[in-house]
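Have a look at the structure below before the remarks.
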Amino acid sequence: MGAQDNDVFFHVEDVPSPHMCFIFALQQAILCIGSTLSIPFILGDQLCTDLFPAQEKANVIAQLLSISMFMCGIATLLQTTFGVRLGIIQGGSHVFIAPIVAMMSLEKWKCPTSLEIPSANGTNITTFMNQDQKDELWQSRLREIQGNLMLASLIQVILGCTGIMGLLLKYIGPLTIAPTISLIGLSLTAVAADFNRTHWGIAILTLVLIGFFTLIIGRVRVPCLGFSLKKKCYVFRYPVFQLMPVLLSVGICWLLSYILTVTDTLTNDPKSPAYKARTDSRLDVVSDIDWFSFPLPFSFGIPTVSAAGFVGMLGATLSSVIESVGDYFAAARISNASPPPPHAINRGIAAEGFSSIISGMVGAGHATTSYSGNIGAIGITKVASRRVFQVAGLILLIGGIIGKFGAVLTLIPDPIIGGTLTIVFGMVAAVGISVLQFIDFSSTRNLTILAISMILGLMIPQWLSQNTDAIDTGSEDLDQVLKVLLGTAMFVGGVLGFILDNLVPGTLEERGILKWRESLYTKSGGAMKPVMYEYPYVTKYIKKINCCSYFPLSPTFNKELNCSCCSKENETHEPSKGQEYHLAVGNGGAQDLDHGDTKF
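The C-terminal residue of the sequence shown carries number 600 in this note's numbering, and the numbering is unbroken.
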C-alpha cells in the first residue's frame with residue numbers, strides 16, 4: 001500500500017479480506033442513504049399522500065423507500081461490473097425532482113383539496129374515497145413519472161451506445177473538467193445544510209471526528225487480534241482510523257443521539273426541525289414496512305407518457321449525463337487511477353440509462369446517477385476497491401428486499417448524515433480544483449475562462465431559483481428544459497468552460513492539455529493497456545474480432561484515442577519512435593499498469 005497522502009490503501013482492483021470488505025462497503029452504503037432515501041419523502045408530497053391518514057402515508061413512503069434501496073443496489077452492481085468499472089455508488093438523482101414538481105403542478109395532476117367525492121345528484125351527502133380510489137390517486141401520478149422517465153432514459157442509453165460522449169473527450173481539458181467537478185461539490189452545499197440545520201452541534205461533531213480520525217490519528221496503527229492456521233492467534237497493527245473514519249464517526253454520533261433521545265434532551269415535537277436529530281424520529285417506517293418485498297415491473301399499472309413530462313425529464317437526463325462524466329473523472333483521479341477511456345465512459349453512461357429504465361419499470365419514481373459524495377469519501381477512507389463497491393451494491397439490494405433491514409439504516413439521524421456529506425462534498429470540490437495544476441496560472445486567458453465558468457456556474461442557478469418565472473419562451477416544454485439545465489451549476493460551469501477553452505486561442509501547453517494528457521497516458525512495455533477498464537476473461541476473445549474496435553462499448557474501441565496532436569504542438573513532448581499512446585488507466589504520469597487479469 002502506498003504511503004503518500006494522496007495514495008490509496010486499496011486500489012481499484014485490490015480485494016480486501018471479506019470482513020474488512022463488508023465494513024468498508026457498509027460505510028459507503030451508509031453514506032449514500034441520506035440523499036437516496038430523502039427522495040421517497042419528497043415524492044410522497046408530489047403524489048398527494050399528504051391527504052392520507054399518517055399510517056397510510058407512511059405505508060406509501062415505506063414502499064417507495066424499499067424500491068429506491070433495491071434500485072440503488074441494482075444500478076451500483078451494473079455500473080461497477082459492466083459499466084465504467086470504477087468504485088462508484090449509484091443512487092437516486094435529485095436532478096429529476098425539478099421536472100417532477102413541474103409535471104405535477106400541471107392542472108391535470110394537481111392534488112385535490114380533500115378526499116371528499118362531490119355528490120353527483122346535488123345532495124348534501126358527503127362521501128369519501130375508498131382504498132382503491134386513494135391508491136389510484138397516487139399511483140396514476142407515479143405512472144406518469146414512470147413513463148416519461150423510461151423514455152428519457154432510453155435517450156441516455158443511445159448516447160452511451162453510440163459513443164457520442166466518448167468522442168467529445170478529445171475536446172475536453174482541465175478548464176472543462178475543473179469547473180464541472182468543483183461545481184458538483186459546491187452546488188450541493190445546500191443539500192448538506194438542510195441535513196445539518198436539524199442540529200448543528202451533532203453535525204459539526206460528526207465532521208470534526210471524521211477530520212480528526214483522518215488527519216490527526218489516521219497514521220496510527222491500532223493493535224488488533226488475528227487468527228490463521230499457520231500463526232494461530234497473533235497481534236497485528238491496522239490503520240483503523242484511516243480506513244473507517246466515516247463508520248466510526250457515525251457510530252459515535254449515533255450513540256450520542258440515542259443518549260440525547262432517551263433522556264429527552266432533544267425535542268420530541270415532530271414539527272420542530274431538531275426532532276430529526278432523534279434516533280426514533282422515523283421508527284414508524286420500521287414498523288410499517290414489510291419484512292420482504294421484491295419490486296416487480298409495472299406493479300402500479302402501465303406507465304403513461306406526455307410531451308411536457310418527457311421534455312422535462314430529457315433536460316434532467318442531459319444534466320445527469322454531464323454530471324456523471326465529471327464523476328467518472330473525479331472517481332478515477334481520487335482513486336489514483338487514470339481517467340477512463342472513451343469506451344468506459346460510453347459503458348458508464350449506457351449502464352446508468354439502462355438502470356434508470358429499470359427504475360422506471362419498478363416504480364422508484366427517480367432515475368439513478370453517480371453519487372459525488374461517495375466518490376469524495378474515497379479521498380477520506382483511502383479505499384477505492386471495486387469489490388467494496390460491489391458489496392455495497394449488494395447491501396443496498398438486500399436492504400430493498402428485506403424491508404426491515406433498509407428501514408433500520410434510515411434511523412440514522414439527519415445531522416449525522418449532514419456532517420458526513422459536508423466533508424465529502426468539500427472533497428469533491430477540492431478534487432476538481434486539483435485538476436488546475438496542469439494549466440498555466442500566469443495566463444490571463446486561463447484565469448478569465450476559469451473565473452467566468454465558476455462565477456456564472458454559481459450565479460445563474462442561484463438567480464434562477466429566486467426568479468422561477470424569469471424564463472418564458474412561450475413554450476412550456478422548452479421552459480422546463482431551460483430551467484433544469486440552467487439550474488444545474490455543473491452544467492452551466494462545465495459548458496462555459498468547454499466552449500471558452502475551445503474557442504479562445506491558446507496553445508496546448510498554455511491550456512494544460514499537454515501535461516494533462518501526459519497524466520492520462522501511461523507506458524507499459526511501450527504500449528498502453530487500460531486493463532482495469534476491460535472485462536475479465538472475455539476481452540482476449542473480443543480482441544480477436546477486428547470489427548469490435550468500431551463498437552463504442554467494446555474494450556478494444558480506440559478510434560479517438562490517438563494523441564499525435566500533442567507532439568505537433570510541442571516537440572519536447574513528442575513520443576519516441578515506435579511508441580504508441582493510448583488513453584490508459586493511471587494518474588499523475590507514467591505507471592506500470594500490467595496487473596494481470598482484471599478482477600470482478
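In this text, a Cβ means the ideal position worked out from N, Cα and C, and glycines have one as well.
Quick caveat, the model's predicted, so the values are computed rather than measured.
For the 8 Å CB-CB criterion, PHE70 and GLY400 form a contact. With fewer than 16 other beta carbons inside 10 angstroms of its own, MET459 counts as exposed.
If you draw a 10 Å sphere on the C-beta of PHE292, you find fewer than 16 other C-beta atoms in it, and that means exposed.
If one requires a minimum length of 3 residues, no beta strand (DSSP E) run lies completely within the region 443-520. Beta-bridge partners assigned by DSSP to LYS110: none are found. Nearest in C-alpha terms to ILE417, of all of THR36, LEU296 and HIS11, is THR36. Between the C-alpha atoms of THR369 and ILE181 there is a straight-line separation of about 15 Å. In chain order, GLY419, THR422 and ILE423 place their CB closer than 7 Å to the CB of LEU207, counting only its own chain and leaving out the 5 sequence neighbours on each side. Counting only the Cα atoms, THR410 lies some 12 Å from SER287. Straight-line measurement puts the Cα of VAL84 at about 16 Å from the Cα of CYS72. In the three-state reduction of the DSSP assignment, PRO223 falls in the strand class, which pools E and B.
Ranked by Cα distance from ARG278, the options VAL285, LEU266 and SER272 are led by LEU266. Segment contact: the region 93-109 against the region 375-394, fewer than three CB-CB distances shorter than 8 Å; contact not assigned.
Non-local beta-carbon contacts of VAL325 in its own chain, meaning distances under 7 Å to residues more than five positions away in sequence, involve MET165 and ILE345 in chain order. By the Cβ-count criterion, ALA307 is exposed, with fewer than 16 other Cβ atoms from all chains shown falling within 10 Å of its own Cβ. The DSSP-derived three-state label of TYR533 is helix. Annotation: ALA330 to LEU51 spans about 43 Å, alpha carbon to alpha carbon. Within the same chain, and ignoring the five residues on either side of ALA470 in sequence, the residues whose Cβ sits closer than 7 Å to its Cβ are LEU464. Of ILE252, SER114, ALA62 and GLU323, the smallest CA-CA separation from MET129 is found for SER114. In the DSSP annotation of this structure, the continuous segment of the alpha helix (DSSP H) that includes GLN390 starts and ends at 386-401. Residue ranges of uninterrupted alpha helix (DSSP H) with 4 or more members, entirely inside the region 285-373 and ordered along the chain, are 307-334 and 342-362. A residue is called buried when at least 16 other Cβ atoms come within 10 angstroms of its Cβ; ALA203 meets this threshold and is buried. PHE236 has CYS224 as its beta-bridge partners, per DSSP. Counting other Cβ atoms within 10 Å of its Cβ, LEU159 reaches 16 or more and is therefore classed as buried. Taking every protein chain shown into account, the CB of CYS21 has 16 or more other CB atoms within 10 angstroms, so this residue is buried.
For the pair of segments examined, the region 356-366 was found to touch the region 136-151: the number of CB pairs separated by less than 8 Å reaches three.
Nearest in C-alpha terms to VAL8, of all of GLN242, ILE177 and ASP477, is GLN242. In this structure, the straight-line span from the alpha carbon of PRO179 to that of GLY497 is close to 7 Å.
For GLY92, the secondary structure class from DSSP, reduced to helix, strand or coil, is strand.
Here CYS547 is exposed, its C-beta having fewer than 16 other C-beta atoms within 10 Å. Counting only residues of its own chain and dropping the five nearest sequence neighbours on each side, SER320 has a CB closer than 8 Å to the CB of SER93, VAL95, PHE96, GLN156, GLU352, ALA367 and THR369. Cβ-Cβ separation between TYR328 and GLY312: approximately 25 Å, too far for a contact (criterion under 8 Å). Judged by DSSP in its simplified three-state form, VAL15 adopts coil rather than helix or strand. Pairing ILE395 with ALA62 gives a Cβ-Cβ distance that is not under 8 Å. In the DSSP assignment, VAL383 forms a beta bridge with PHE10. Between the C-alpha atoms of VAL481 and ASN467 there is a straight-line separation of about 16 Å.
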